[in-house]
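In the working numbering, the protein residues as written are 328 to 707. Just so you know, even glycine gets a beta-carbon here, dropped at the ideal spot from N, CA and C.
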Amino acid sequence: MKYCKNCLENDARPGADFDKNGICSTCNYNDHFNKNFNEKERLEVINEIIKKNKKNNTTGFDCILGVSGGKDSTRQALWTRDKLKLKPLLVCCTYPPEQLTELGAKNLSNLIDLGFDLIVTSPAPKTWKKFLKEGFMGGNYLRAPELALYSSLPQIAIKYKINLIFWGEGGNGKTTDPKLVNKKKEYDGNSQRKSNTLKNCDLGWMNKLVGDKAKLIPYRYPSEKEFKDKDIQIIYIGWFMKDWSIMNNAKYAALNGLSLREDGAKNTGDLFGTMALDEDWVAINQMIKYFKYGYGRTTDYLNYEIRNKNITRNNAIKLVQKYDGLCSDKYIKDFCEYLNISKDYFWDVVSKFVNRDLFTINNKKNEKKFLPKFKVGKGL
Numbered sequence: 328m329k330y331c332k333n334c335l336e337n338d339a340r341p342g343a344d345f346d347k348n349g350i351c352s353t354c355n356y357n358d359h360f361n362k363n364f365n366e367k368e369r370l371e372v373i374n375e376i377i378k379k380n381k382k383n384n385t386t387g388f389d390c391i392l393g394v395s396g397g398k399d400s401t402r403q404a405l406w407t408r409d410k411l412k413l414k415p416l417l418v419c420c421t422y423p424p425e426q427l428t429e430l431g432a433k434n435l436s437n438l439i440d441l442g443f444d445l446i447v448t449s450p451a452p453k454t455w456k457k458f459l460k461e462g463f464m465g466g467n468y469l470r471a472p473e474l475a476l477y478s479s480l481p482q483i484a485i486k487y488k489i490n491l492i493f494w495g496e497g498g499n500g501k502t503t504d505p506k507l508v509n510k511k512k513e514y515d516g517n518s519q520r521k522s523n524t525l526k527n528c529d530l531g532w533m534n535k536l537v538g539d540k541a542k543l544i545p546y547r548y549p550s551e552k553e554f555k556d557k558d559i560q561i562i563y564i565g566w567f568m569k570d571w572s573i574m575n576n577a578k579y580a581a582l583n584g585l586s587l588r589e590d591g592a593k594n595t596g597d598l599f600g601t602m603a604l605d606e607d608w609v610a611i612n613q614m615i616k617y618f619k620y621g622y623g624r625t626t627d628y629l630n631y632e633i634r635n636k637n638i639t640r641n642n643a644i645k646l647v648q649k650y651d652g653l654c655s656d657k658y659i660k661d662f663c664e665y666l667n668i669s670k671d672y673f674w675d676v677v678s679k680f681v682n683r684d685l686f687t688i689n690n691k692k693n694e695k696k697f698l699p700k701f702k703v704g705k706g707l
């Protein structure tokens, strides 16, 4: 295991790539992006795209924008309306009642208060729970929820005959595996289907869990033929905004009514309470990710800040050592109750996905269950 010499990305991350100087592809892309960013030229590009797609639009809405009510979606909605002078239809694929936080509902309401039209979709809760449990057993409980999230936007776009979709993250090596980026049109999100989340859009594992195929509709990502027939185009907004980052988006959104988490980094690994505002169990997924690859939410956040020169690598290391991979016992307890499993069974499942090259089991009671063999910033 080795780390990027500039940030804290390690080579255990899927898709990680380093140059001969030991710098990760994400840092290299970030430098390239900032040095070559020309706002005037990029606005001309997006305005041409808008002009082309407006010709086919008869609904009164200029585009569809996926939202959760969080920092990114709040800033995207305001930027699309106030900067581009468009009328977006916001679409939220939300969690079932047992999973959605009051904070998440409050922030969705804030978008409505800001004057936006919003459609909320939600797959059948009992089916959702089956898929979530199956995903957890396979090491990623978000497997099904992410399919529903990604699929909801093009599905609604096709239904409402709005062929332009704006998506936030992605479209550049700052947030995406650079190998998935369209080199000629980095803002083009139609290659999204090749991502790890959507690869092959396989619902076979879901078919085994439900008898009614209609229950699978919310999870079905439209085919390439459907995209082509309906002229669906996904655009990554992040490519058009030089200052797109976790903290910049959070500051902007908070000044426009966004409410942040108050449970502290020791419960989630989230240093400023800006992420996953609509549900608590993402902290569990981030903890499992940490055990798989040696990095979690804290590292993801600080890599942004290192690249933006808001913190030194050495100071970031101290925070990663203190907070990465942490998850409140309360959230684990709630998660177990939802799935009707014991905490012992929960840890038995999690232990199957712990990377034993990176972690060792700790048999001492009332302490961390798995201890890193690696040193943050140095590796093994």
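Give me the DSSP bridge partner(s) of residue i.
| i | result |
| --- | --- |
| Cys390 | Pro415 |
| Tyr628 | Per DSSP, none; premise fails for Tyr628. |
| Thr687 | Leu698 |
| Asn337 | Tyr330 |
| Cys351 | Phe345 |
I need the DSSP call for residue i, collapsed to helix, strand or coil.
| i | result |
| --- | --- |
| Leu445 | strand |
| Gly706 | strand |
| Tyr650 | helix |
| Tyr468 | coil |
| Ile544 | helix |
| Asn482 | For clarity, residue 482 is Gln in the given sequence; the question names Asn instead. Gln482 falls in the helix class under three-state DSSP. |
| Tyr665 | helix |
| Phe673 | helix |
| Phe345 | strand |
| Tyr579 | helix |
| Tyr563 | strand |
| Leu430 | helix |
| Leu604 | coil |
| Asp515 | strand |
| Phe360 | helix |
| Trp494 | strand |
State buried or exposed for residue i, treating a residue as buried only when at least 16 other CB atoms are found within 10 Å of its CB.
| i | result |
| --- | --- |
| Arg520 | buried |
| Leu435 | buried |
| Phe680 | exposed |
| Trp566 | buried |
| Asp389 | buried |
| Pro452 | exposed |
| Arg340 | buried |
| Ser669 | exposed |
| Arg683 | exposed |
| Asp529 | exposed |
| Asp605 | buried |
| Pro699 | buried |
| Asp556 | exposed |
| Ser550 | exposed |
| Gln613 | buried |
| Asp607 | buried |
| Asp671 | exposed |
| Trp532 | exposed |
| Thr407 | buried |
| Asn490 | buried |
| Thr421 | buried |
Between residue i and residue j, which are expected to be in contact by the criterion C-beta below 8 Å, what is the C-beta distance as a whole number of angstroms?
| i | j | result |
| --- | --- | --- |
| Tyr631 | Tyr563 | Between Tyr563 and Tyr631 the Cβ distance is about 16 Å, and since that is not below 8 Å, they are no contact. |
| Phe443 | Pro415 | 7 Å |
| Ala603 | Ser655 | Their Cβ separation, rounded to whole angstroms, is 13 Å, which puts Ala603 and Ser655 out of contact at 8 Å. |
| Thr625 | Gly596 | 5 Å |
| Phe701 | Met328 | 5 Å |
| Gly495 | Ser400 | 7 Å |
| Leu598 | Tyr650 | 7 Å |
| Gly652 | Gly623 | 5 Å |
At a threshold of 7 Å, does residue i count as lining the ligand FAD (C-beta to nearest heavy atom)?
| i | result |
| --- | --- |
| Leu480 | In terms of ligand content, the structure shown is empty, and the ligand FAD therefore cannot be addressed. |
Quick one: what's got a C-beta closer than 6 Å to residue i's C-beta in the same chain, skipping five residues either side?
| i | result |
| --- | --- |
| Lys460 | Leu666 |
| Asn437 | Gly584 |
| Arg470 | Gly462 |
| Asp344 | Ser352 |
Keeping to the same chain, check which residues put their C-beta closer than 8 Å to that of residue i; ignore five residues upstream and five downstream.
| i | result |
| --- | --- |
| Ile332 | Correcting the residue type first, residue 332 is Lys in the shown sequence and not Ile. So the qualifying residues of the chain are Asn348, Gly349, Ile350. |
| Ile644 | Leu335, Val703, Gly704 |
| Thr639 | Ile633 |
Leaving aside the five residues before and after residue i along the sequence, list all residues of the same chain whose C-beta is less than 7 Å from its C-beta, in chain order.
| i | result |
| --- | --- |
| Phe686 | Phe618, Phe697, Leu698, Pro699, Lys700 |
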